[in-house]
Each structure stands twice: as C-alpha cells, then as structure tokens.
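Enquirer:
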Amino acid sequence: MISFLRGLMFVALVLAINFPLGAMAGAGERQNAAKASPNAWEMPPIRLPDMAGNERQLYDWKGKVILLNFWAAWCPPCLAEIPSLVELQNRYQDKGFQIVSIGLDKPKKLANVIRSLGINYPVLVADPETRTHLLKDWGDRQQTLPYTVIIGADGAFHLTYPGMMNDQIFADYVLPLLEDARGKTSKVVLGTMPQ
C-alpha cells in the first residue's frame, strides 16, 4: 500500500512539474506561430464571405500592411478595442495600412456591432465549423479572442498577438512597416488604443 501511494505521489509530482512547462511552451508556440510559415501568401488562403456575401480573400489586400483581427460579438475585449481600430483605419488607410477583421459569429450579430460601433474596415464572416481550424492555422492554438496578426506589405509575419491591441504594439510593429513601405516617418498618437 505504501509503495502504491509513493508511486501515486511520484506521478502527481511529475504532472505538477510538467503541466505548467507544457502550458508555457504552448503560449510561446502561439506567440511565434509566424515562424512556421514566414509569409501570409504561402498560408492556406482565407476565402470567406464579407458582410455583403461576396467571397473575399486576404490576398485582395496584398501590398498593404495588414492588421488581421479575429473577434466576436460576444467578446467584451473585442468590442472594447474596435473604436481604436476604427480610428487607426481612418488615420492610416491612405498610408498603405488595412485592417481586415474576421468575425467569428452569426452575420446578424456582427452587423449589429458594425452598425453600432461604426466599423469602417472589411469584416469577413467565419462560420462556427471554420472557427477552430482558422484560428489554429493562424497561430491561435488557445483560441484567444481578440487575436491579431500583423502582416507586412510583402506578406511577412511580424506579430501574432492574443489579446487586445494597444498603442505600444501598434508603434512597435505596425508603424515601422508603414515607414518602410513609404520611406517616411510616421508618428502614432498615443492614447488612441486601450492600454
């Protein structure tokens, strides 16, 4: 009986030590998912309907710096970051910047959010069956929302980010890409995004 308890305690100890390490490895994998496929144009294409029912694909915006944002109408952090994304789209759209969002919800619910928050960038609609595979394909193994992928004008991945975007992330990852694309310096106005 004592040897059984010792064996059980050993197994519990091994699991207790290895489980957090495995979880941390998964988080790092999620953050570095772009390394698996270094270019968005080499990924399986995203072909989804927009809110008007027209099939669109990410390639439609090739040549622009893309902030690909996954969100849902039931996700409070997603809704909280949308006004800032609207402002960024307004401010930088003529500088080669494009937000493309993928709504992981029913079209009617997405339409209500689009209308109430004044979304001014394309919203593609992913059905529930597509959601899991789509998020995993783009590096979000934990299916965290909101989830953002920053893609350079050349299709190179620069960041996969689970959680709400903020000014510092935009300044660190998007602005340099816009500067490279235009050969000019841009300045982010801090305080436009949730902290």
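Using my numbering, the first residue of the sequence shown is number -17, and each one after it goes up by one. Note that CB positions come from ideal geometry on N, CA and C, so glycine has one too.
Contact defined as beta carbons within less than 8 Å: I believe M33 pairs with V107. What is the distance between those atoms, to the nearest angstrom?
Expert: With a Cβ gap of about 7 Å, M33 and V107 count as contacting.
Enquirer: Alpha helix (DSSP H) containing P58: first to last residue?
Expert: Counting along the chain, the alpha helix (DSSP H) containing P58 begins and ends at 58 to 74.
Enquirer: By how many angstroms is the C-alpha of Q80 removed from the C-alpha of L135?
Expert: Per the sequence shown, residue 135 should be read as Ala rather than Leu. Taking the straight line joining both Cα atoms gives about 10 Å.
Enquirer: Quick check: G78 and L160, are their CB atoms within less than 8 Å of each other?
Expert: Contact: yes.
Enquirer: Use the C-beta contact count for W120: other C-beta atoms within 10 angstroms, 16 or more gives buried, fewer gives exposed.
Expert: Classification of W120: buried, given that the 10 Å Cβ count is 16 or more.
Enquirer: For W56, which residues of its own chain have a beta-carbon under 8 Å away from its beta-carbon, when the five flanking residues on both sides are left out?
Expert: Cβ neighbours of W56 beyond the five flanking positions: D87, K91.
Enquirer: Using only the alpha-carbon positions, how far apart do P27 and K44 sit?
Expert: In a straight line, the C-alpha of P27 is about 12 Å away from that of K44.
Enquirer: Kindly indicate which three-state DSSP category W23 falls into: helix, strand or coil?
Expert: The answer is helix: DSSP assigns W23 an H, G or I state.
Enquirer: Are there 16 or more other CB atoms within 10 angstroms of the CB of W53, so buried, or fewer, so exposed?
Expert: Flag for W53 reads buried.
Enquirer: How about I151 and Y143: are their beta carbons less than 8 Å apart?
Expert: Their beta carbons are under 8 Å apart, which means I151 touches Y143 by this criterion.
Enquirer: Would you decide whether M6 is buried or exposed? Buried here means 16 or more other CB atoms lie within 10 Å of its CB.
Expert: Any reading at M6 is ruled out, since the residue's pLDDT is 36, under 50, leaving its predicted position unreliable.
Enquirer: Three-state secondary structure (DSSP) at I48?
Expert: Strand at I48.
Enquirer: Around the C-beta of R29, are 16 or more other C-beta atoms found within 10 angstroms, so that it is buried, or is it exposed?
Expert: Looking at its Cβ environment, which holds fewer than 16 other Cβ atoms inside 10 Å, R29 is exposed.
Enquirer: Going by Cα to Cα distance, which pick from V82, V156, G35, D162 is closest to P89?
Expert: When each option's Cα is compared against that of P89, the closest is G35.
Enquirer: Looking only at C-alpha atoms, which of H115, A153, Y129, W23 sits nearest to L61?
Expert: Of H115, A153, Y129, W23, the residue nearest in Cα terms is Y129.
Enquirer: Might you give, ordered along the chain, the residues of its own chain that have their beta carbon closer than 7 Å to the beta carbon of A138, omitting 5 neighbours on each side?
Expert: Contacts found: P20, N21.
Enquirer: In the structure shown, what three-state DSSP assignment does P104 receive?
Expert: Reduced to three states, the DSSP call for P104 is coil.
Enquirer: Considering only residues of the same chain and omitting the five flanking positions on each side of N102, which have a CB-CB separation below 7 Å?
Expert: Only V68, Q71, N72 meet the Cβ criterion.
Enquirer: Looking only at its own chain, which residues have a Cβ that is under 8 Å from the Cβ of E37, when we skip the five neighbours before and after it?
Expert: Here the set comprises R29, L30, P31.
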